[in-house]
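In the numbering used here, the protein residues as written are 1453 to 2267.
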């Protein structure tokens, strides 16, 4: 007995040693953590300073370039003085240079240390030349990746093209030194605390300082124009000296002393009998709790509609609860089976999937939650959802338990709903195709006749045909949009855009309509200058156009006003507000409550007086919901109506927004390539559509080859060179998709640049259009064909083809 009593004080002493050793290690760990926190703080400061200073320098150089462009050039003496002063104020800048229109560096400030670059052709290296030409061709600033300077050192170059009208006047070149950038971005107090490594694309471009440890590091990425730098910071000796102390050693010694004292005290306090009684009470309490839990689980199992199973993985025995057996059509009594019997009841098509999921859960702990078909006692297969979780011992799964739920009715309901949706989509697609095909002939021929010199009464009748056809097509587009909204198939774009452009387009579109009715149309955009918005400009325009068109239609006199801008939260609010108000007929409260429903107008007389289908506001409501916004209406009979749309469109600073390319495509006049008429191959099986297409293309003075099916199109393409191909999709013998496949295969075999191919189709559903793009069509034009839209598409594709050919190496085989 005396020997066993020694175990208590020895254990207590050992416990104290462990506690204070752990405490000592914890303190040391906290010191390591302090070093890491300090390192992260320095890294964050450096990242912010680098980003801010580079942006500030680029803006300054851009202002220098804008001043040059604004005054049509700069005196050399004045430019040198400005450049030298700017370099002196910004340590990151190695120098500021001017390359003349022949791309030769002519002016450099400061001259000292940069003599080697005077007279240098800045196109002497391929990657520099690419960066320069991108800046010149786009008329926007561009930057190189990290480079080694001729005069020594590493950094990057910023190119700012100069133009006097359309005359290229050279470039301003900013030379940014990596070492100076890092030194300027790192606060002086931290210079001795860290060692720095800067890399780009995996290559080291700058390092400074000697790291004490490579285990502690803080990494930041710095997004520079045209490049991303990775900055790694390691602790230097000064940082370790500041953060580390002798407290852990002191705690360890104190722990040894206290362990001796605690061990002696525990020896006198130990009492075996008291401990024995306590253990007996704990065992009794645990047993009672276990019994209560067993009763609770048994009651839950009996009252649940789910079936439960318990799998002993070591003995390979599977327990099925009475409810589980009843779900499978067996007598409602518990059963024990082996896993092979369980697997035999799973549908053969689901068996491999079940086995893989079980193995993954047992091995890695991946979720086990599947929908499987089980064979019931009557031989019928029913759908069940089965879930389970494994119990582990030292990381090894020894037991697994779970449940199954009969979901056959849910699966069948889902399949019926999916079938109904597919049938609806197929019907709408077919309806759209069948209506658009004859409408192409009606509207096409009407537009061709409208270009002829016809009597006024004939022109007025043609105008009725065109307007009626356009109305029918708008109705069809509204039905398709509404169908896509209900099916959740609306694809939202994510791009920066200006609210000012949305407002100006709405005003331009409806100004004439308002003037003809004697209405005042007011459009006000209140977004802050220099701020763009991130979202879908097309859908925002669709909402605005619908609301303004409705307001004009239902207003006999007075005005229609549209305001667009940030909400009252402030100019930088992520929410924008579109308000369209009018002085029209107004609505009652009851009418306002149902106005966003499909095919609903204020009352039946509204349709007779003003026309329309009642789909426009339902589409606005659906678009606003899918964009995460809201739409509300306020109105009184005879006092006008006000619609308010709120949408989450985050602000984007103009400098960081993607630049909008100007529309360089002009329509009208003959289409030529290299001074000759454009050679176009067109395939269309419908005679009326061929006549319409030929009438459109004859106005453009193109060299047209017209064929009637895809097989003839392939034959013609293999024997002649064409600049552009127009393919109908649904044609006899060989359809447009198969014809495109053979054309692309021929081009690949011949090593030719792809010829632009446009799909002429009445199929306009989103999945159909996406399919054409995946098959290799360069664009699609929906029927009825718009002469302007078709011409703009063809000119855009031809422009792109010319650019690709001019950029292709001289060794490439020409088309």
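Here a beta-carbon is modelled for each residue, glycine too, at the ideal position from N, C-alpha and C.
I'd like the list of long-range same chain contacts for residue i, defined as Cβ closer than 8 Å, with 5 residues on each side in sequence excluded.
i	result
residue 2011	1971, 1972, 1973, 1974, 2034, 2035
residue 2108	Bear in mind that the predicted position of residue 2108 carries a pLDDT of just 45, short of 50, making it too unreliable to give a figure here.
residue 1785	1774, 1777
residue 1625	1548, 1549, 1550, 1551, 1557, 1574, 1609, 1610, 1611, 1612
Quick one: residues in its chain with C-beta nearer than 6 Å to the C-beta of residue i, no 5 flanking neighbours on either side, listed in chain order?
i	result
residue 1837	1823, 1857, 1859
residue 1567	none
residue 1499	1672, 1674
residue 1976	2015
residue 1812	1818
residue 1802	1824, 1825
residue 2208	2176, 2230, 2249, 2253
residue 2037	2006
Let's test the definition: count the other Cβ atoms within 10 Å of the Cβ of residue i and tell me whether it reaches 16, buried, or not, exposed.
i	result
residue 1788	exposed
residue 1904	exposed
residue 2180	buried
residue 2088	exposed
residue 1960	exposed
residue 2251	exposed
residue 1485	exposed
residue 1563	exposed
residue 1739	exposed
residue 1602	exposed
residue 2257	exposed
residue 1980	exposed
residue 1907	exposed
residue 2184	exposed
residue 1666	exposed
residue 1422	Residue 1422 is absent from the model: the chain starts at 1453 and stops at 2267.
residue 1701	exposed
residue 2105	exposed
residue 1589	exposed
residue 1542	buried
Using a threshold of 8 Å, state whether the C-beta atoms of residue i and residue j are closer than that.
i	j	result
residue 2194	residue 2166	yes
residue 1841	residue 1852	yes
residue 1546	residue 1628	yes
residue 1652	residue 1681	yes
residue 2156	residue 2119	no
residue 1991	residue 2075	yes
residue 1944	residue 1685	no
residue 2000	residue 2032	yes
residue 1664	residue 1494	no
residue 1998	residue 1937	no
residue 1607	residue 1630	yes
residue 1556	residue 1535	no
residue 1487	residue 1687	yes
residue 1849	residue 1765	yes
residue 1676	residue 1569	no
residue 1514	residue 1635	no
residue 2170	residue 2134	no
Near residue i, what residues of its chain come up, given a Cβ to Cβ distance below 7 Å and the 5 sequence neighbours on each side ignored?
i	result
residue 1809	1820, 1822
residue 2255	none
residue 1776	1759, 1760, 1761, 1856
residue 1622	1550, 1551, 1552, 1553, 1614
residue 1871	none
residue 2241	2233
residue 2124	2130
residue 1783	1777
If you follow the beta strand (DSSP E) that residue i is part of, which residue opens it and which one closes it?
i	result
residue 2068	Element bounds for residue 2068: not the beta strand (DSSP E) but the alpha helix (DSSP H), 2068 to 2078.
residue 2009	Neither: residue 2009 is in no beta strand (DSSP E) and is coded neither H nor E.
residue 1954	Premise fails: residue 1954 lies in the alpha helix (DSSP H), 1951 to 1968, not in any beta strand (DSSP E).
residue 1619	1619 to 1629
residue 1529	No beta strand (DSSP E) contains residue 1529, which is instead part of the alpha helix (DSSP H) from 1528 to 1541.
residue 1767	No beta strand (DSSP E) holds residue 1767; DSSP gives it neither H nor E.
residue 1649	1646 to 1652
residue 2028	2027 to 2034
residue 1671	1670 to 1676
For the ligand FAD, is there any heavy atom lying closer than 7 Å to the beta carbon of residue i?
i	result
residue 2072	With respect to the ligand FAD, the structure shown offers nothing to examine, as it has no ligands at all.
Quick check: the segment 2193 to 2203 against the segment 2218 to 2225, are there 3 or more CB pairs under 8 Å? no
On the three-pair Cβ rule with 8 Å, is the segment 1562 to 1580 touching the segment 1507 to 1527? no
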